[in-house]
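If you're matching them up, the sequences are chains D and X in order.
For the record, in the first sequence the residue sitting at position 285 is 287 according to this note's numbering, with numbers rising by one throughout.
For the record, in the second sequence the residue sitting at position 85 is 248 according to this note's numbering, with numbers rising by one throughout.
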Amino acid sequence: MVKTDYDVIIIGGGPAGLTAGMYAARARLNVVLFEKAAPGGQVIVTDWVENYPGFPEGITGYDLGEKMVTQAKTLGLPIESEEITAMTLSKDEKTIHLSSGRTVTTHTVIIASGASPRKLDVGEAKFMGKGVSFCATCDAPFFRDKVLVAVGGGDTAVQEAIYLTKFATKVYLVHRRDELRATKVLQERALKNDKIEMVWDSVVTGMDGFFSVEKVHLENLKTKAQSTIKADGCFIWVGTTPNTSYVKDSVKTDEGGFVFTDTHMETSVPGVYAVGDVRTTPLKQITTAVGDGAIATMSAEHFIENLKDVK
Amino acid sequence: MAENIVEIDDDSFEKAVLKADNPVMVDFWAPWCGPCRAIGPIVEELEGVYGEKMNFVKVNVDENPLTPSKYGIKAIPTLIFFKNGEVAEQITGMVAKGKLEETIKGILQEG
Numbered sequence: 003m004v005k006t007d008y009d010v011i012i013i014g015g016g017p018a019g020l021t022a023g024m025y026a027a028r029a030r031l032n033v034v035l036f037e038k039a040a041p042g043g044q045v046i047v048t049d050w051v052e053n054y055p056g057f058p059e060g061i062t063g064y065d066l067g068e069k070m071v072t073q074a075k076t077l078g079l080p081i082e083s084e085e086i087t088a089m090t091l092s093k094d095e096k097t098i099h100l101s102s103g104r105t106v107t108t109h110t111v112i113i114a115s116g117a118s119p120r121k122l123d124v125g126e127a128k129f130m131g132k133g134v135s136f137c138a139t140c141d142a143p144f145f146r147d148k149v150l151v152a153v154g155g156g157d158t159a160v161q162e163a164i165y166l167t168k169f170a171t172k173v174y175l176v177h178r179r180d181e182l183r184a185t186k187v188l189q190e191r192a193l194k195n196d197k198i199e200m201v202w203d204s205v206v207t208g209m210d211g212f213f214s215v216e217k218v219h220l221e222n223l224k225t226k227a228q229s230t231i232k233a234d235g236c237f238i239w240v241g242t243t244p245n246t247s248y249v250k251d252s253v254k255t256d257e258g259g260f261v262f263t264d265t266h267m268e269t270s271v272p273g274v275y276a277v278g279d280v281r282t283t284p285l286k287q288i289t290t291a292v293g294d295g296a297i298a299t300m301s302a303e304h305f306i307e308n309l310k311d312v313k
Numbered sequence: 164m165a166e167n168i169v170e171i172d173d174d175s176f177e178k179a180v181l182k183a184d185n186p187v188m189v190d191f192w193a194p195w196c197g198p199c200r201a202i203g204p205i206v207e208e209l210e211g212v213y214g215e216k217m218n219f220v221k222v223n224v225d226e227n228p229l230t231p232s233k234y235g236i237k238a239i240p241t242l243i244f245f246k247n248g249e250v251a252e253q254i255t256g257m258v259a260k261g262k263l264e265e266t267i268k269g270i271l272q273e274g
């Protein structure tokens, strides 16, 4: 067996990566987790989590993320601040190049780099931080007594739109279909919230403003009617794009760039696994991400055992 | 949260930032902002490395509404780099440590 720096390298410190790391540390594998920003993942921008078992009163996303990081560290997982610039993957040795200039080798890689909020690409880029936001818990308080547009119809959009009403006087929830995709309990809350007005069958086509957002332009997809809402901000939750720029040429992905895996979380390259929001999965939740992480580490452990058998 | 970073307020902003001899990085944050709390340790780490050449301070936007409003801040975390009282660079949202370090080096190199 080729000698490598690590048994397992985990890329990304969200719930999936942290769980994989906990299992690897407990299995006494030689493991490291690389995180380019701060560990915790998308959960730390979530205002409130009430569908993660073990917290019957609910918990803030930040607190849940922080608890996971603490737990992983307590169990012995080293977390390093590094970004992956390139990787070379062969069966028994994987080489990872890091932004610090270091190069490390490993038997297995667990890709857990997650996904980022998808952009609309209707000119919102120039209003980033000037009325356009993807994080309600971060930015909603800047819009006290203002009018907001929220875009999307899934769990995140509906949950966060409800959060916006704690500050805004009115939230227009713009959705491209005529019904919400979010889970029923969230739909019920949104539809009976006096401050939320649904704008069905519609998409955002652009926005205007001198220094920050002042107007949001819409089009009704059924009637083709154009309209404009006077709003001070626009919060966007229309799904995610995977963070796979460093790996998309090495492993098979779907059209959207999400990484294909089998039921053992193995990608098209033996010994390389993908977990959580970065992979093609029918459900992107904290609960499913942590399950992925546990499975991937078990698979990695088996893979390393098999390498030892092949002399 | 960045424990070693000096907390300044609306009143001390001019003296601590605009009239400082060194370039200053101001971390606009709030206790309710998860990414702000997550970015804290990165800022602290960089302060350990570059703290002699650049001042690192933070402003709680909840308690100090005037300064963020003056700079048009509607999203946090926002990091603004000041040099001779002028805005030299501004970064909004979660940022990788590498990118942040590059920005700091760039500002220090300009002399």
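Just so it is clear, CB atoms sit at the ideal spot from N, CA and C, and this is done for glycine as well.
Of all Cβ atoms in chain D, is any one closer than 8 Å to the Cβ of residue i?
i	result
Met164 of chain X	With a pLDDT of only 44 at Met164 of chain X, under 50, the local geometry of the prediction cannot be trusted, and no value is derived from it.
Val187 of chain X	no
Ile202 of chain X	yes
Ile270 of chain X	no
Ile168 of chain X	no
Val258 of chain X	yes
Ala251 of chain X	no
Ile267 of chain X	no
Ile243 of chain X	no
Lys246 of chain X	no
Which residue's Cα is closest to the Cα of residue i: the options?
i	options	result
Ser214 of chain D	D:Asp279, D:Glu126 and D:Val312	D:Glu126
Pro119 of chain D	D:Thr171, D:Thr108, D:Met200 and D:Phe237	D:Phe237
Pro272 of chain D	D:Ser101, D:Thr110, D:Ala233 and D:Ala29	D:Thr110
Arg177 of chain D	D:Ser204, D:Ala114 and D:Met3	Here the sequence assigns His to residue 177 of chain D, which means Arg is not the residue at that position. Per the Cα distances, D:Ser204.
Val253 of chain D	D:Trp239, D:Lys232, D:Tyr275 and D:Thr242	D:Tyr275
Phe260 of chain D	D:Gly208, D:Ala27, D:Val240 and D:Pro284	D:Pro284
Gln161 of chain D	D:Thr255, D:Glu37, D:Arg183 and D:Phe262	D:Arg183
Pro143 of chain D	X:Asn167, X:Val224 and X:Ile270	X:Val224
Lys172 of chain D	D:Asp157, D:Ala233, D:Ala159 and D:Lys186	D:Ala233
Glu216 of chain D	D:Asn222, D:Leu223 and D:Gly208	D:Gly208
Lys246 of chain X	X:Lys262, X:Ile254, X:Phe219 and X:Leu181	X:Leu181
Ala74 of chain D	D:Leu100, D:Ser92, D:Glu95 and D:Ala27	D:Ala27
Leu122 of chain D	D:Thr289, D:Trp239 and D:Leu223	D:Trp239
Ser101 of chain D	D:Ser92, D:Cys137, D:Leu79 and D:Tyr248	D:Tyr248
His304 of chain D	D:Val4, D:Leu31, D:Met24 and D:Gly23	D:Leu31
Asp210 of chain D	D:Val106, D:Met130 and D:Ile164	D:Met130
Thr62 of chain D	D:Val47, D:Val4 and D:Pro55	D:Val47
Ile275 of chain X	X:Ala251, X:Asp174, X:Asp190 and X:Gly211	Chain X is shown from 164 up to 274; residue 275 of chain X falls before or after that span and cannot be answered.
Would you say residue i lies against chain X (beta-carbon separation less than 8 Å)?
i	result
Gly14 of chain D	no
Ser2 of chain D	Since the first residue shown for chain D is 3 and the last is 313, residue 2 of chain D is missing from the structure and cannot be characterised.
Ser83 of chain D	yes
Ser204 of chain D	no
Asp279 of chain D	no
Asp141 of chain D	yes
Gly19 of chain D	no
Tyr64 of chain D	yes
Lys69 of chain D	no
Ile46 of chain D	yes
Lys132 of chain D	yes
Gly235 of chain D	yes
Ala88 of chain D	no
Ala40 of chain D	yes
Phe57 of chain D	no
Phe305 of chain D	no
Drop a sphere of 10 angstroms on the beta-carbon of residue i, count the other beta-carbons inside from all chains shown, and report buried for 16 or more, exposed for fewer.
i	result
Ser232 of chain X	exposed
Leu220 of chain D	buried
Thr225 of chain D	exposed
Lys286 of chain D	buried
Leu20 of chain D	buried
Ala165 of chain X	Low per-residue confidence applies at Ala165 of chain X: pLDDT is 45, beneath 50, and the placement is therefore not dependable, though the value from the model is reported in the following sentence. Flag for Ala165 of chain X reads buried.
Val258 of chain X	buried
Arg179 of chain D	exposed
Ser115 of chain D	buried
Met3 of chain D	exposed
Gly60 of chain D	exposed
Thr241 of chain X	buried
Phe36 of chain D	buried
Ala22 of chain D	buried
Thr76 of chain D	exposed
Who does residue i pair with in a DSSP beta bridge?
i	result
Leu100 of chain D	D:Ile86
Pro119 of chain D	D:Thr242
Ile243 of chain X	X:Val189 and X:Gln253
Ala276 of chain D	D:Ile113
Lys217 of chain D	D:Asp210 and D:Lys232
Val169 of chain X	X:Val220
Thr255 of chain D	D:Val261
Tyr8 of chain D	D:Thr108
message = As an exercise, report each continuous alpha helix (DSSP H) stretch of at least 4 residues that is fully enclosed by the stretch 106-168 of chain D, in chain order.
response = If you keep only unbroken alpha helix (DSSP H) runs of at least 4 residues inside the stretch 106-168 of chain D, you get 138-141 and 157-166.
Residue ranges of each alpha helix (DSSP H) within the stretch 15-55 of chain D, 4 or longer = Whole alpha helix (DSSP H) segments, 4+ residues: 17-28.
message = What are the residues in the stretch 212-235 of chain X lying within 7 Å of chain B by C-beta distance?
response = Included in the structure are the protein chains D and X, with no chain B among them.
query = Along the chain, which unbroken stretches of the alpha helix (DSSP H) at least 4 residues long are found entirely within the stretch 174-210 of chain D?
reply = Counting whole runs of 4 or more residues, the stretch 174-210 of chain D contains the alpha helix (DSSP H) stretches 186-193.
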